[in-house]
Amino acid sequence: MIYDVRQVTTYTYASKVSYAHHVLRLIPIDRPRQRVHAAALDIVPLPVERREGSDFFGNRVTWISLDHPHDVLIVKVAARVAVDGAGEPGAGGESWERVRDLAFAVTDLGPRSPAHFLFASRQVPLDPEIRDYAATSFPAGRPMLAGAIELMRRIKDDFVYQVGATTVSTTPPMSFALRRGVCQDFAHIMISGLRGLGLPAAYVSGYLRTIPPPDAPRLEGADAMHAWVMVWAGWESGWHGLDPTNAILAGEDHVVLAVGRDYADASPVDGVVFVSGRQKLSVAVTVTPVSASNS
Amino acid sequence: MAMVGDSAERPASDDPFGLVAGYSPLPGIFDEMMDADRRVRPHWRPLLATLGGLGPEEINRRFAAADRHLRDSGVFYRVYEDPAGGERPWPFSHMPLILDAAEFRSLQAGLIQRADLLEAVLADVYGPANLVRDGRLPAALVAGNPEFLRPLVGVTPRGGAHLWLYAVDVGRGADGGWWVLGDRTQAPSGAGYALENRLALSRALPDAYRELRVERLAAFFQAFQHELSSLSRRDASRVCLLTPGPMNETYFEHAYLARYLGFLLVEGEDLTVRQDGVFIRTVSGLRRSEVLVRRLDADFADPLELNARSRLGVAGLVQAVRDGNVVIANGLGAGFVEARALLSYLPALAPMLTGSDLAIPNIATWWLGQAAARDNVMTRFDQMVIGSAFFEALPGHHDAREVVGGTLDPAQRARIVEAISHRGVDFVAQEAVTLSTMPVALDGTFAPRPFILRLFLARAADGWTVMPGGFVRIADDIDARAVSLQRGGRTADVWVPSEHPVADTTLLPRAETIVVNRATGALPSRAANNLFWVARYVERAEATLRLVRVLLNRVMEADDATAPVVARISALLVAWSAVPNDLPNARPTLTVLAAMQRRDLEGALPHHVDAARSAASVIRDRFPPDAWRALVDLADIIAAPLPAGAPDIALFDRVNAALRIIASFSGLAQENMSQLIGWRFLDLGRRIERAIVTCRFVRRLATDVFPDGVLDALLELADSQITYRRRYVMLAAPTPVIDLVVLDPANPRSVAFQVDRIETHLAVLPRQSAEGRLSPPQQIATVMSSALRTTEAAQVDDQLIAETERSLLRLSEAIAAAYFTQHEPSDGKWEAPG
Chain S
666 MIYDVRQVTT YTYASKVSYA HHVLRLIPID RPRQRVHAAA LDIVPLPVER REGSDFFGNR
726 VTWISLDHPH DVLIVKVAAR VAVDGAGEPG AGGESWERVR DLAFAVTDLG PRSPAHFLFA
786 SRQVPLDPEI RDYAATSFPA GRPMLAGAIE LMRRIKDDFV YQVGATTVST TPPMSFALRR
846 GVCQDFAHIM ISGLRGLGLP AAYVSGYLRT IPPPDAPRLE GADAMHAWVM VWAGWESGWH
906 GLDPTNAILA GEDHVVLAVG RDYADASPVD GVVFVSGRQK LSVAVTVTPV SASNS
Chain C
-9 MAMVGDSAER PASDDPFGLV AGYSPLPGIF DEMMDADRRV RPHWRPLLAT LGGLGPEEIN
51 RRFAAADRHL RDSGVFYRVY EDPAGGERPW PFSHMPLILD AAEFRSLQAG LIQRADLLEA
111 VLADVYGPAN LVRDGRLPAA LVAGNPEFLR PLVGVTPRGG AHLWLYAVDV GRGADGGWWV
171 LGDRTQAPSG AGYALENRLA LSRALPDAYR ELRVERLAAF FQAFQHELSS LSRRDASRVC
231 LLTPGPMNET YFEHAYLARY LGFLLVEGED LTVRQDGVFI RTVSGLRRSE VLVRRLDADF
291 ADPLELNARS RLGVAGLVQA VRDGNVVIAN GLGAGFVEAR ALLSYLPALA PMLTGSDLAI
351 PNIATWWLGQ AAARDNVMTR FDQMVIGSAF FEALPGHHDA REVVGGTLDP AQRARIVEAI
411 SHRGVDFVAQ EAVTLSTMPV ALDGTFAPRP FILRLFLARA ADGWTVMPGG FVRIADDIDA
471 RAVSLQRGGR TADVWVPSEH PVADTTLLPR AETIVVNRAT GALPSRAANN LFWVARYVER
531 AEATLRLVRV LLNRVMEADD ATAPVVARIS ALLVAWSAVP NDLPNARPTL TVLAAMQRRD
591 LEGALPHHVD AARSAASVIR DRFPPDAWRA LVDLADIIAA PLPAGAPDIA LFDRVNAALR
651 IIASFSGLAQ ENMSQLIGWR FLDLGRRIER AIVTCRFVRR LATDVFPDGV LDALLELADS
711 QITYRRRYVM LAAPTPVIDL VVLDPANPRS VAFQVDRIET HLAVLPRQSA EGRLSPPQQI
771 ATVMSSALRT TEAAQVDDQL IAETERSLLR LSEAIAAAYF TQHEPSDGKW EAPG
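So the protein sequences, as listed, match chains S and C.
Just so you know, we're using my numbering here: the first sequence kicks off at 666 and counts up by one.
Just so you know, we're using my numbering here: the second sequence kicks off at -9 and counts up by one.
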């Protein structure tokens, strides 16, 4: 499937910002089962400096500095991306205990190495209660993916999707106790549970197609940025995208923007501005199929 | 502890004066001063002989002198657990640790090897990562380390190194050999404290210090200073010491080292990153810095690419490092090699990375992320110390970083064993080490106590240089394993007697002094702002005290004639929010008590004094220590409870004492601060505030009708009675009083005098506007001063005074806009690079 992705991010400040630095992770890149045909970023006001590069995890990064006093910052993304559906993950594969031991023994420090995704990270502490919740899905000897998929479904069943129930500063233990949240909370909870068991889990930020295909239900998170999880199931099986918000495998409807240990690594816009008073953020996203052929 | 001495068994030459006659090493434990047969080791004998020769009374006098030095220089240590953020006095143990010169040389060589090893590990993990690829370091051990800062991977640091200052904690085991207990590479503390300890002790014991030919510390600091300064490519750029600020436990040391080394003490908000580098926000505009000595944890150093929650860092600093625009010492990410888990791999890495085995072993450590180590450790669990593999608290033990296996109850034990079986990657096991002891003076005698020795290495032009001394932390308990100043304990100096004459033996006090030329004009805006406000708050406190004193005088001679003065001054205090507005006028003592004591009123004295002290605390490096002490004394005297009974007299005494302290503060600032730009901001604050309060006194007391006594009260408030009486042999009359208090440029309390001084200062400050034009603050001051100069005393009315007061408030804002807030122009016209 080929999509046109449009995102407009608008920051409105209560007073003029005289100088600002931002880090943007808004341009999708080629990934397994994803090809980027074109992508462009439009920033107002015009940055005094703009450079492109990659972060540690290989995500495309744009660094900008703004030196013109401004009270509105607008970042527009336009991209055309082709996505393949995921194949069936295969029911077998390694046991979760084996996956854990493999991950502990990795001798690779590259961006996709499972070693990076085993530990507590900035926004994902390891919490004994979340670990115990996850452990139910991992009886001895169960294949890694089977356990992860069951955990994903339990999160969908046990938690209420509710915009506004949590904020960006809500921690996974807090949203776990509330049993509610949005995509980011569910991803963080699932990651925390898996890592608590010693299993590699990564955070993915990206998009869902806005209007579902005929006869398919509309997915949660389709009109905003979305987040889901990738789990590692051993060398042969590799990484798999699991979307606990919708209890589906990440497939033809998921466009990947950035991958990291948690939201802090993959956040689409980071910035440091000195401003008195409040700032307001609005994000508008559309993901429209261009055609199903050609993909 | 009993220490039954039997000095008769010992040769007299050991300890000719019987100074340590009652001292006995603990059984089975190595003692630095005495061997197992209670013979004093040779390298301690000269100290005991010199010290013993002084006699007990003189020793006590000398030790007290050292304590006084430390107290007077303001050494302190902030205690995190103290809810009040308290500072504790420096816990100094007077007996130094003596290290034999030959032994120190071998330690030195081993530590240089270790510094090279750690640098090589950092260069690899932030570079090609061969150690992981070749299976010499597990990837999980690197990836799980919170100080593995991914934004720095692939960045070769400018200057070619990650480590510039390296501290290492060592302890001596029962067999007499040294062990490395831990490495400090993040932002090593203690070098400045070592220097302070040395200054205190060498001044207290100059004879012993000379006799033993103790190696000096100055050369070490000079080498470090020289090396860092040489990294700047532009002459005009300044080396900065980046501190997290006064709430940090070792802030005193940051300020002390910055002053000693001639580096500029800055906080994150003093710096800004632009396309071509890192700049200091100063009152003269942006000034480049190419070298930052970092005392801020790396994760907090850049909210943009590291911890976004940090309010202490500098946005864009990682980018500046990537671009090679700045050297950070130690480099961002250097804290990686502090992780305990690494200790288990360093012995095997040493031969490959340094060409030989570790000369000084580190404490035996097993990382439990590997099955073989895990199984091995589980068989000896009770003898092992279980710790966090990296830096966090031990999982499941929120307050502890380590536990001893054998001390756990069955439930704790089961929990930790299960946690290790799930996530062994989070744990290390270490062999317990029994530390050696050194003598500590306790209750008039000496007793052995375990200690940890911290040694310092600095990168210099020709390689690592080792500080010939160090920083000792001594445990309070006999069997303490972990020694931390946060948990109590004391510190001591470390003496390495030289085998050769040391340089500068005749100029002891100067031997530790580096002559530094401080560039002028690089006053950070934040420091200027704080100096300005310290002075304003102190002046406001003084004005409040003077009002209170006038009231008290009237209370003591209460009659009907004083009523108008009491009413007007009480009204002024209400207008200032120094007292609540519902107090009965008939009870001025209540008004006085409120103004002196109410902590909830923002115009009352405690608020001004606290505000002055807190503004001063962040710029302590710029204050004469005595001026700082005056502020502390002022806060103490205001906070002290009043004695019951005779409140008026007690209050009167207190007001006078507080005014005397303020006078001494002002005098110290005037006499002991270099009259550079910082002093000008301090004086500007004082002059502006004094002019404002004098205007308010005049408006309240002397611009309408003049009931009995109000003009006398005004003269009293303006401290001008004596001048007035000398000039006019008559009762206070409106015109001459107003002339003296408002217009007379020769009266140091008049408004005109303050404005005159303000103009002088503004003319010397860096210009912030186009060539030939007056700066915005100057424009305001000039208009004000012409108005005052062209007005006759008889014409002075409420309107003129009110206009002057408004101008002063606008002037304060204009100074803030021009020098403190640093809103750069949008056309990018900040100061050209260096």
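Glycine residues also receive a C-beta, built at the ideal position from the N, C-alpha and C atoms.
Residue nearest to residue i in terms of C-alpha spacing, selected from the options
i, options, result
"L689 of chain S", "S:F803, S:G936 and S:A887", "S:G936"
"G657 of chain C", "C:A784, C:L621, C:G635 and C:P6", "C:L621"
"M368 of chain C", "C:G395, C:S378 and C:G345", "C:G395"
"F743 of chain C", "C:P458, C:A648 and C:S776", "C:S776"
"A929 of chain S", "S:G903, S:V950 and S:Q849", "S:Q849"
"V924 of chain S", "S:G906, S:A912 and S:E917", "S:G906"
"D331 of chain C", "C:I318, C:A319 and C:N352", "For the record, residue 331 of chain C in the displayed sequence is Ala; it is not Asp. Ranking the options by Cα distance to A331 of chain C, first place goes to C:N352."
"V754 of chain C", "C:M342, C:V273 and C:S607", "C:V273"
"V308 of chain C", "C:L302, C:L322, C:R301 and C:A298", "C:L322"
"E205 of chain C", "C:S740, C:Q360, C:R95 and C:A419", "C:R95"
"V950 of chain S", "S:Y684, S:A744, S:P790 and S:V713", "S:A744"
"A618 of chain C", "C:D62, C:G43, C:R58 and C:R29", "According to the sequence as given, residue 618 of chain C is Trp; it is not Ala. Per the Cα distances, C:D62."
"V145 of chain C", "C:P118, C:G166 and C:R123", "C:P118"
"P838 of chain S", "S:R698, S:L884 and S:D797", "S:D797"
"V540 of chain C", "C:L445, C:G699 and C:L60", "C:G699"
"I442 of chain C", "C:D173, C:E137 and C:E749", "C:D173"
"E257 of chain C", "C:F269, C:V569, C:Y250 and C:Q265", "C:F269"
Residues bridged to residue i (per DSSP)
i, result
"Y826 of chain S", "S:G846"
"V709 of chain S", "S:I739"
"H33 of chain C", "Answer is none; H33 of chain C lacks a bridge partner."
"Q420 of chain C", "C:T355 and C:V375"
"F461 of chain C", "C:R444"
"E714 of chain S", "S:S730"
"P808 of chain S", "S:S760"
"V686 of chain S", "Correcting the residue type first, residue 686 of chain S is His in the shown sequence and not Val. Partner(s): S:S730 and S:V937."
"R671 of chain S", "S:A743 and S:T951"
"F94 of chain C", "F94 of chain C pairs with nothing; no bridge assigned."
"M817 of chain S", "DSSP lists no partner for M817 of chain S."
"L87 of chain C", "C:V484"
Presumed contact (8 Å Cβ cut-off) between residue i and residue j, rounded CB distance
i, j, result
"V327 of chain C", "V111 of chain C", "6 Å"
"L816 of chain S", "W900 of chain S", "L816 of chain S to W900 of chain S, Cβ: 22 Å. No contact."
"D702 of chain C", "A723 of chain C", "Actually they do not touch by this definition, with Cβ atoms about 11 Å apart."
"A771 of chain C", "W454 of chain C", "In fact, because the Cβ distance is near 55 Å, the residues do not count as touching under 8 Å."
Minimum length 4: unbroken alpha helix (DSSP H) runs contained in the segment 691 to 747 of chain C:
700 to 707, 711 to 717 and 724 to 728
Give, in chain order, every unbroken run of the alpha helix (DSSP H) that is at least 4 residues long and sits entirely within the segment 574 to 642 of chain C.
578 to 587, 595 to 607 and 615 to 629
Of the residues that make up the segment 774 to 786 of chain S, which ones have a beta carbon closer than 7 Å to any beta carbon in chain C?
L774, S778, A780, H781, L783 and F784
Secondary structure, beta strand (DSSP E): runs of 3+ residues fully inside the segment 331 to 391 of chain C:
Whole beta strand (DSSP E) segments, 3+ residues: 355 to 357 and 374 to 378.
Would you list, in chain order, the members of the segment 400 to 432 of chain C that have their beta-carbon closer than 7 Å to a beta-carbon of chain S?
H412, R413 and V415
Of all the residues that make up the segment 101 to 124 of chain C, which are near chain S by a beta-carbon distance shorter than 7 Å?
A119, V122 and R123
Looking at chain S, which residues of the segment 525 to 540 of chain C have a Cβ within less than 9 Å of any of its Cβ atoms?
none
Can you give me, in chain order, the residues of the segment 266 to 298 of chain C that have a beta carbon less than 8 Å from any beta carbon in chain S?
Cβ contacts with chain S: P293, L294, E295, N297 and A298.
Please list, in chain order, the residues of the segment 758 to 774 of chain S that have any C-beta partner in chain C closer than 8 Å.
D766, A768, F769, A770, V771, T772, D773 and L774
Extract the residue ranges of the beta strand (DSSP E) inside the segment 237 to 307 of chain C, only unbroken runs of 3 or more that lie entirely within it.
Complete beta strand (DSSP E) runs here, min 3: 254 to 256, 261 to 264, 267 to 272, 275 to 279 and 281 to 284.
What residues in the segment 722 to 746 of chain S bring their beta carbon closer than 9 Å to a beta carbon of chain D?
Judged by its chain identifiers, the structure shown contains no chain D, and its protein chains are S and C.
Residues of the segment 335 to 357 of chain C whose Cβ lies closer than 7 Å to any Cβ of chain S, in chain order:
none
Which residues, in chain order, does the segment 861 to 883 of chain S contribute to contact with chain C at a C-beta distance below 7 Å?
L862 and G863
Enumerated in chain order, which unbroken segments of the alpha helix (DSSP H) with a length of 4 residues or greater are wholly contained in the segment 110 to 196 of chain C?
120 to 123, 129 to 133 and 181 to 194
For the segment 132 to 152 of chain C, which residues have a beta carbon sitting closer than 7 Å to at least one beta carbon of chain S?
Of all residues in the segment 132 to 152 of chain C, only V132, A133, G134, R140, P141 and V143 come within less than 7 Å of chain S when Cβ atoms are compared, listed by chain position.
Interface positions of the segment 300 to 328 of chain C facing chain S (Cβ-Cβ less than 8 Å), listed along the chain
Taking a C-beta cut-off of 8 Å against chain S, the contacting residues of the segment 300 to 328 of chain C are A305, G306 and Q309, listed in chain order.
Positions along the segment 677 to 708 of chain S whose CB lies within less than 7 Å of some CB in chain C:
Here the close residues are S683, Y684, H686 and V688.
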